[in-house]
Amino acid sequence: GQSVEFAEHKEYAPGDELKHLDWKAYGKFDRYYVKRFEHETNLRCTLVVDGSGSMGFGTAGLTKLEVARVLAATLGHLLLRQQDSAGVTIATKAHVVEVPPRSSASHLQVLFEALEANDAKGETDLARTADLLAEKLPRRSLVCVFSDFLDDGPDGLKRLLALRARKHDLAIFHLVDPAELTFPYDDPTLFLSMEDDRSLEVNPREIKESYLEEFTRFLDETKATCTAADVDYVRVRTDEPLDKVLVKFLSLRTGGGAA
791 GQSVEFAEHK EYAPGDELKH LDWKAYGKFD RYYVKRFEHE TNLRCTLVVD GSGSMGFGTA
851 GLTKLEVARV LAATLGHLLL RQQDSAGVTI ATKAHVVEVP PRSSASHLQV LFEALEANDA
911 KGETDLARTA DLLAEKLPRR SLVCVFSDFL DDGPDGLKRL LALRARKHDL AIFHLVDPAE
971 LTFPYDDPTL FLSMEDDRSL EVNPREIKES YLEEFTRFLD ETKATCTAAD VDYVRVRTDE
1031 PLDKVLVKFL SLRTGGGAA
């Protein structure tokens, strides 16, 4: 049965049930509003962006963080246009920025500013991010995570996926730069960590085959783990048209295909 606990007003749109029209609100504002009850409240979505140093890597024009920002901002815009709620969490091991979900039109600018204000720096800690979300998420939220999942922690992804057990819906956007997929290096090269002070000088020709095997295994395992947890998984190349990425994701949400 319908929950009797009133939650909020929503401006009337064609298709809304007339029995929920609030005539007192109409008399006061001369506009039609519909009462919504607890089970009808709008979708709450938290857009989680990995802000760690490795997300600053980019060889195709945009860095992984820049792609994540655009995708998160676009989804936030779509959610707010349909009067759902959207918030942002930008996380690294040492620093977290949180913007709680809201549904007002003016909230979009707040989301944009939060996404734009943070640069890629620091270490990844997906487990800490998962614990923070578990503690603070509104009940039954949609959580969209944008990350390259390059985390030294052993169980960061599994801790994120455990949010499903708390009745949250989860979508994973796995950011990958084309250079990570092809390893297009030939001459002796000094590789510098983007998250700490580690470095490694190697002959790329000697390690290319083993690197590609390891990275492919990492990608396959990440996708398989998400699929086993019944979580939508979208792999995003930073050189891929972002409208196609969103179409792929929306197709998954409506049961139209696999990533």
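Residue 984 in this note's numbering sits at position 194 of the sequence shown, with consecutive numbering throughout. Backbone N, C-alpha and C fix where the C-beta goes; we use that ideal spot for every residue, glycine too.
* Asked: Going straight from the alpha carbon of Arg954 to that of Val889, what length do you get?
  -> Each residue's Cα considered, the two are about 22 Å apart.
* To do: State the DSSP-derived secondary structure class of Ser937, mapped to helix, strand or coil.
  => Here Ser937 sits in strand by DSSP.
* Asked: CB-CB under 8 Å to Pro891, same chain, minus the five flanking residues each way: which ones, in chain order?
  -> Leaving aside the five residues that flank Pro891 on each side, the residues in its chain whose CB is nearer than 8 Å to its CB run, in chain order, Arg834, Cys835, Thr836, Ser875, Ala876, Gly877, Pro928 and Ser931.
* When the distance is taken between beta carbons, is Val838 closer than 8 Å to Val900? -> For Val900 and Val838, no; Cβs fall outside 8 Å.
* Whole runs of the beta strand (DSSP E) within the stretch 953–1011, excluding any shorter than 3 residues -> If we require 3 residues or more, the beta strand (DSSP E) runs fully inside the stretch 953–1011 come out as 959–966, 979–982 and 989–992.
* Asked: Which term fits Glu828, buried or exposed, when burial requires 16 or more other beta carbons within 10 angstroms of its beta carbon?
  -> Bear in mind that the predicted position of Glu828 carries a pLDDT of just 42, short of 50, making it unreliable; the figure below should be weighed with that in mind. Exposed is the call here.
* To do: Count the CB pairs spanning the stretch 913–926 and the stretch 943–954 that are closer than 8 Å, and state whether there are at least three.
  => A contact exists between the stretch 913–926 and the stretch 943–954.
* Specify, as a first and last residue, the run of the beta strand (DSSP E) that Ser1041 falls within. => Element bounds for Ser1041: not the beta strand (DSSP E) but the alpha helix (DSSP H), Leu1032 to Arg1043.
* Asked: What first and last residue would you give for the alpha helix (DSSP H) that runs through Tyr816?
  -> Trp813 to Phe819 is the extent of the alpha helix (DSSP H) around Tyr816.
* Asked: Is it the case that the Cβ atoms of Ser844 and Leu1002 are separated by a distance below 8 Å?
  -> No.
* **Where Thr914 sits in the DSSP three-state scheme** => In this structure, Thr914 counts as coil in the three-state DSSP scheme.
* If we ignore side chains and look at the alpha-carbon of each, how far apart do Ala862 and Leu811 end up? -> Rounded to whole angstroms, Ala862 to Leu811 spans 34 Å at the Cα level.
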